[in-house]
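In my numbering, the protein residues as written are 9 to 47.
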């Protein structure tokens, strides 16, 4: 648990990677972008 743990969100931010705990595009952002495109 911490920056060295690449399974946690903090560790992923530190490593600059994405995954289950830190999705590249959060579900809410995806919905907002889709709604924006339609308008």
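Heads up, the beta-carbon is just placed ideally off N, CA and C, and yes, glycines get one too.
Query, Result
"Rounded separation between residue 19 and residue 9 - CA only", "8 Å"
"Top-ranked residue by Cα proximity to residue 31, from 17, 13, 12", "17"
"Separation of residue 11 from residue 21, as counted between CA atoms", "8 Å"
"C-beta atoms of residue 25 and residue 14 nearer than 8 Å", "yes"
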